[in-house]
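Visitor: Okay, here's the structure, questions in a sec.
2 protein chains.
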Amino acid sequence: MTRVLVVDDEPQIRRALQINLGARGFQVATAADGASALHAAKHGHPELIILDLGLPDMDGIDVLAAIRSHSSVPVIVLSARADSTDKVEALDTGADDYVTKPFGMDELLARLRAAVRRASVAADSEPVVVTESFTVDLAAKQVLRDGSVVHLTPTEWGMLEMLVRRRGTLVTRSELLREVWGPGYRTETHYLRVYLAQLRRKLEPIPAKPRHLITDARMGYRFQV
Amino acid sequence: MTRVLVVDDEPQIRRALQINLGARGFQVATAADGASALHAAKHGHPELIILDLGLPDMDGIDVLAAIRSHSSVPVIVLSARADSTDKVEALDTGADDYVTKPFGMDELLARLRAAVRRASVAADSEPVVVTESFTVDLAAKQVLRDGSVVHLTPTEWGMLEMLVRRRGTLVTRSELLREVWGPGYRTETHYLRVYLAQLRRKLEPIPAKPRHLITDARMGYRFQV
DNA sequence: GTGCGCCGTTAGGAACCCGTCAAGATCGGT
DNA sequence: ACCGATCTTGACGGGTTCCTAACGGCGCAC
Numbered sequence: 116m117t118r119v120l121v122v123d124d125e126p127q128i129r130r131a132l133q134i135n136l137g138a139r140g141f142q143v144a145t146a147a148d149g150a151s152a153l154h155a156a157k158h159g160h161p162e163l164i165i166l167d168l169g170l171p172d173m174d175g176i177d178v179l180a181a182i183r184s185h186s187s188v189p190v191i192v193l194s195a196r197a198d199s200t201d202k203v204e205a206l207d208t209g210a211d212d213y214v215t216k217p218f219g220m221d222e223l224l225a226r227l228r229a230a231v232r233r234a235s236v237a238a239d240s241e242p243v244v245v246t247e248s249f250t251v252d253l254a255a256k257q258v259l260r261d262g263s264v265v266h267l268t269p270t271e272w273g274m275l276e277m278l279v280r281r282r283g284t285l286v287t288r289s290e291l292l293r294e295v296w297g298p299g300y301r302t303e304t305h306y307l308r309v310y311l312a313q314l315r316r317k318l319e320p321i322p323a324k325p326r327h328l329i330t331d332a333r334m335g336y337r338f339q340v
Numbered sequence: 116m117t118r119v120l121v122v123d124d125e126p127q128i129r130r131a132l133q134i135n136l137g138a139r140g141f142q143v144a145t146a147a148d149g150a151s152a153l154h155a156a157k158h159g160h161p162e163l164i165i166l167d168l169g170l171p172d173m174d175g176i177d178v179l180a181a182i183r184s185h186s187s188v189p190v191i192v193l194s195a196r197a198d199s200t201d202k203v204e205a206l207d208t209g210a211d212d213y214v215t216k217p218f219g220m221d222e223l224l225a226r227l228r229a230a231v232r233r234a235s236v237a238a239d240s241e242p243v244v245v246t247e248s249f250t251v252d253l254a255a256k257q258v259l260r261d262g263s264v265v266h267l268t269p270t271e272w273g274m275l276e277m278l279v280r281r282r283g284t285l286v287t288r289s290e291l292l293r294e295v296w297g298p299g300y301r302t303e304t305h306y307l308r309v310y311l312a313q314l315r316r317k318l319e320p321i322p323a324k325p326r327h328l329i330t331d332a333r334m335g336y337r338f339q340v
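If you're matching them up, the sequences are chains A and B in order.
All the letters of the first sequence, read from the start, carry residue numbers 116 to 340 under the working numbering.
All the letters of the second sequence, read from the start, carry residue numbers 116 to 340 under the working numbering.
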């Protein structure tokens, strides 16, 4: 859940943003003045800040500068002033965007999505599955064992990948055949035996007594962490 | 020197931006239509794109989508349309900012600086990758070996860059082809073999026994630090 | 014990893919 | 129009992967 801090002295704007952002799955915190905004920015660890420049206690630009001095969290500035000078000052102080009031909620939300999207480039990583004897890195398509990579052929990797993605659950032979060899290979189970043996030889400490690549007789195979 | 690509069909806007950006130390390339914009975006490796949506040959949104399909370069959209719908569409298609015409040059430049600043922060994660035999500087787009720069052609750099950015993970042939040659080159793997060999000859101490530019037969390539 | 079905294992040849070199085509700058 | 650099294309030797076949082991029913 993405945390957003809304800083504005007008209660109806705080309320409107809280409702609209909350409805779209954001977790909203609010602040009505510069001092509490800085406190919330530091301790609430928001992933995005919407900052109105017209605050009662401090100059909004100073609030922005104070945030930037210790954080690179995306900040979208709101302001009633449409002057080019104000925009330039805010943007050069470190704002990511500048929206003038009155603003369209749709546009603000789109700009917010754009800012969040930019900030979360490196957030989506595929899982790495670790067992006591080897490690499967799904993103890298790579298996590590004793610190060095185990070389797998595409077919071997295709089988292992499917088993690992559905780890703990049974994968039937026909599912494996469809996935790795393509549709039309529903019945020919000989491939599976050959390649599973290969995987066990490469991955299991004692291939004859597999601990992770388990056979369920007459059903299929299962990957046990 | 920051490279900026300006895409607009109005000559006076191209000219105004070229002058103003050039005076501030940017290196400006221009394009007047969608097709040449895509070509320049792909081969000129700009660090920022200013894209007018009103192009003669293609829908600007489609141009944006095409750029986004293979690059995360910051894009500032220009448009004569101030509709909220248009802004939302552009921003959700991957635009970093949306500026309506007529625009103030100061504001545009400030928004451009903000976009470049963000991109450089994001790229600062680790722009230099060092191996035991050579060094790849992603920010400078430069490769060093034994203290001197290794000259790479644009295509060679394109492949190396993608492999290094995803170092450790397998990059499939079709991914490389899409990134470097563009969509539509999904199957022609001959290029890859030729250019990989070229890279190995220039970078690997023993090209026949590569230690960093690794082949995974029938799958793709990977860069190992 | 013996036959049968199912699974695991190994090995070798065929098919396919990769690396390499070199020549022709294309592009960009003068 | 020329020239150099870059990109594309073709051909071939060597290597990897895949498929197939054969055999051994295990459990079960009779």
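A virtual CB, placed ideally from N, CA and C, is assigned to each residue, including glycine.
(1) Taking beta-carbon pairs under 7 Å, can you tell me which members of the segment 261-277 of chain A lie near chain B?
(2) Which chain A residues sit within Cβ distance under 7 Å of V345/B?
(3) Any idea if G209/B is buried or exposed, counting beta-carbon neighbours within 10 angstroms, 16 or more meaning buried?
(4) Can you tell me where the alpha helix (DSSP H) holding I128/B begins and where it ends?
(5) Can you give me the Cβ contacts of A237/A inside the same chain, cut-off strictly under 8 Å, excluding the 5 residues immediately before and after it?
(6) Output yes or no for whether 8 Å exceeds the beta carbon distance between T215/A and A197/A.
(7) I'd like the list of long-range same chain contacts for D123/A, defined as Cβ closer than 6 Å, with 5 residues on each side in sequence excluded.
(8) Starting from R337/B, follow the beta strand (DSSP E) in both directions and report where the run begins and ends.
(9) Where does A237/A sit, in a helix, a strand or coil, going by DSSP?
(10) Listed in chain order, which residues of the segment 199-230 of chain A have Cβ atoms closer than 7 Å to some Cβ of chain B?
(11) Residues in the same chain with beta-carbon distance under 6 Å from K324/A, minus the five sequence neighbours each way, listed in chain order, please.
(12) Could you pull out every unbroken beta strand (DSSP E) segment of at least 3 residues lying fully inside the segment 158-199 of chain B, listed in chain order?
(13) Using the rule of at least 16 other Cβ atoms within 10 Å of the residue's Cβ for burial, across every protein chain shown, is H305/B buried or exposed?
(14) Between the segment 280-292 of chain B and chain A, which residues of the former have a C-beta closer than 8 Å to a C-beta of the latter?
(15) Return the CA-CA distance between V66/B and L170/B, expressed in angstroms with no decimal places.
(16) Using the three-state DSSP reduction, which class does S248/B fall into: helix, strand or coil?
(17) For T250/B, which residues from the same chain have a beta carbon less than 6 Å from its beta carbon, with the 5 sequence-adjacent residues on both sides left out?
(18) Would E125/B be called buried (16 or more neighbouring beta carbons within 10 Å of its own) or exposed?
(19) Compile a chain-ordered list of the residues in the segment 316-340 of chain A whose CB is closer than 9 Å to at least one CB of chain B.
(20) Taking a cut of 7 Å between CB atoms, which residues from the segment 136-167 of chain A lie near chain B?
(21) Classify S194/B as buried or exposed, calling it buried when 16 or more other Cβ atoms lie within 10 Å of its own Cβ.
(22) Does any residue of chain B bring its CB to less than 8 Å from the CB of R183/A?
(23) Restricting to Cα atoms, I'd like to know which of R288/B, I164/B, R139/B and G299/B is closest to V309/B.
(24) Give the straight-line distance between the Cα atoms of Q257/B and D207/A, rounded to the nearest whole angstrom.
(25) Quick one: list the residues of chain B neighbouring A312/A, beta-carbon separation under 9 Å, in chain order.
(26) Since A146/A is in the beta strand (DSSP E), which residue starts that stretch and which ends it?
(27) Specify the secondary structure class of D201/B as computed by DSSP and reduced to three states.
(28) Report all residues from its chain with a CB closer than 7 Å to the CB of K146/A; omit the five preceding and five following residues, and keep chain order.
(29) Quick check: L224/B and R118/B, are their CB atoms within less than 8 Å of each other?
Guide: Working from what's here:
(1) Answer set for the segment 261-277 of chain A: P269.
(2) This structure does not reach residue 345/B, given that chain B is present from 116 up to 340, and the question cannot be answered.
(3) Buried.
(4) Residue range P126 to A138 is occupied by the alpha helix (DSSP H) that includes I128/B.
(5) Only weak support is given to the placement of A237/A: the predicted model assigns it a pLDDT of 43, under 50, and the question is left unresolved by the model.
(6) Cβ distance < 8 Å, so T215/A and A197/A count as in contact.
(7) Cβ neighbours of D123/A beyond the five flanking positions: R129 and D167.
(8) First-last of the beta strand (DSSP E) with R337/B: G335 to F338.
(9) Note that A237/A scores a pLDDT of 43, beneath 50, so its modelled location is shaky and nothing firm can be said.
(10) Hits within the stretch, in order: S199, K202, V203, L206, D207, A210, D211, D212, G219, D221, E222, A225, R226, R228 and A229.
(11) Once the five neighbours on either side are set aside, K324/A has no close Cβ partner at all.
(12) List check, beta strand (DSSP E) in window: 163-167 and 190-194.
(13) The residue in question, H305/B, is exposed, as its Cβ has fewer than 16 Cβ neighbours within 10 Å.
(14) Going along the segment 280-292 of chain B in chain order, one finds G283, T284 and L285 with a Cβ nearer than 8 Å to chain A.
(15) Lying before the first or after the last residue shown, residue 66/B is absent from chain B, which here runs from 116 to 340.
(16) Residue state, collapsed to three classes: coil.
(17) Contacts found: L259.
(18) Classified as exposed, E125/B has fewer than 16 neighbouring CB atoms from the shown chains inside 10 Å of its CB.
(19) Answer set for the segment 316-340 of chain A: empty.
(20) Flagged: no residues at all.
(21) Around the beta carbon of S194/B, a 10 Å sphere encloses 16 or more other beta carbons of the protein chains shown; the residue is thus reported as buried.
(22) No, R183/A lies away from the interface with chain B (no Cβ there is under 8 Å from its Cβ).
(23) Ranking the options by Cα distance to V309/B, first place goes to R288/B.
(24) Taking the Cα positions, Q257/B is about 29 Å away from D207/A.
(25) Within chain B, no C-beta atom comes less than 9 Å from the C-beta of A312/A; the nearest is roughly 20 Å away.
(26) It spans Q142 to A146 - the beta strand (DSSP E) in which A146/A sits, taken as one unbroken run.
(27) Correct three-state label for D201/B: helix.
(28) For clarity, residue 146/A is Ala in the given sequence; the question names Lys instead. Annotation for A146/A: L120, V122, A152 and A155 place their beta carbon closer than 7 Å to its own, counting only its chain and skipping 5 residues before and after.
(29) No, Cβ-Cβ distance for L224/B and R118/B is not below 8 Å.
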